[in-house]
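Structure record follows, encoded as structure tokens.
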Amino acid sequence: MRLLLVEDHVPLADELLASLTRQGYAVDWLADGRDAAYQGATEPYDLIILDLGLPGKPGLQVLQEWRAGGLATPVLILTARSSWAERIEGLKAGAEDYLSKPFHPEELQLRIQSLLRRARGLANQPQLEAAGLQLDESRQTVKRQDEEVQLTAAEFRLLRYFMLHAGQLLSKSHLAEHLYDGESERDSNVIEVHVNHLRRKLGREIIETRRGQGYRFSGDAA
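Every letter in the sequence shown is one number past the one before it in UniProt numbering, and letter 42, counting from 1, is 42.
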């Protein structure tokens, strides 16, 4: 999953970048509201983490511009603990959730997971489940028929995206856009390699290839 982090406090941004990367997210970081207004509207992010106190253009204005332009990407706003008015205005402007600073990294992780599942209509699932698999996002492992399967970081990222989009036809280019940040080289052939690794570990029937179109993760979301 590809995230946009908009935060001008560099030490916090560095900490969040490291933490989110460890959790298997591809993250782009911006510190200026003007840059965020443009990039958030033009790049295919799965979720945006937005600080409201930004230079260049306030985060609330950025969010209002996104929603006015039809951007439906889930937005989690970051606010100062005492700024209850900011939280209310952010939710009114279209944010899905907010988190008050300072916060525990695990709380942010759980809120991100919840928002991503909610965006795919899976809000009632305590963990990500699809096609007979249960994904443990904290340990980056998957269970099938009570057997735990270890995944590499790249396999985990790809499987999580497949499970969140079970039953959908996904092209290689689409997968590359959502699995790598803006600085990474996006090689669609690498996607094919990881798909083959997942098939070896989980069964060939789990991912269907549609020649010239892409891949379909079998089954509907549980």
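Every residue gets a Cβ at the ideal spot worked out from N, C-alpha and C, and that includes glycine. Every value quoted in this text rests on a predicted model; they were computed, and no experiment measured them.
Residue i - DSSP class collapsed to helix/strand/coil
| i | result |
| --- | --- |
| residue 211 | coil |
| residue 14 | helix |
| residue 139 | coil |
| residue 218 | coil |
| residue 39 | helix |
| residue 20 | helix |
| residue 127 | coil |
| residue 155 | helix |
| residue 5 | strand |
| residue 85 | helix |
| residue 168 | coil |
| residue 68 | helix |
| residue 119 | helix |
| residue 133 | strand |
| residue 26 | strand |
| residue 150 | strand |
Neighbour-count burial assignment, residue i, 16 or more Cβ in a 10 Å radius
| i | result |
| --- | --- |
| residue 146 | exposed |
| residue 156 | buried |
| residue 29 | buried |
| residue 79 | buried |
| residue 178 | buried |
| residue 72 | exposed |
| residue 104 | exposed |
| residue 87 | buried |
| residue 38 | exposed |
| residue 107 | exposed |
| residue 24 | buried |
| residue 91 | exposed |
Nearest candidate by alpha-carbon position, reference residue i, set the options
| i | options | result |
| --- | --- | --- |
| residue 41 | 91, 195 and 66 | 66 |
| residue 148 | 77, 57, 34 and 202 | 202 |
| residue 189 | 197, 121 and 134 | 197 |
| residue 162 | 116, 138, 187 and 183 | 116 |
| residue 43 | 22, 135, 183 and 211 | 183 |
| residue 83 | 101, 206 and 48 | 101 |
Same chain only: Cβ atoms within 8 Å of residue i, ignoring 5 sequence neighbours per side
| i | result |
| --- | --- |
| residue 93 | 60, 63, 64 and 67 |
| residue 223 | Lying outside 1 to 222, the shown extent of the chain, residue 223 is not represented and no answer is given. |
| residue 31 | 6, 7, 8, 10, 13, 54 and 55 |
| residue 58 | 33 and 52 |
| residue 192 | 172 |
| residue 35 | 56 |
| residue 181 | 2, 26, 27 and 28 |
| residue 158 | 175, 179, 191, 194, 195 and 198 |
Opposing strand residues paired with residue i [DSSP bridges]
| i | result |
| --- | --- |
| residue 100 | 79 |
| residue 51 | 78 |
Chain-order list of residues whose beta-carbon lies under 7 Å from that of residue i (same chain, five-residue window excluded)
| i | result |
| --- | --- |
| residue 213 | 169 and 171 |
| residue 215 | 170, 195, 207, 208 and 209 |
Neighbourhood of residue i by C-beta distance below 6 Å, restricted to the same chain and skipping five residues each side
| i | result |
| --- | --- |
| residue 143 | 134 |
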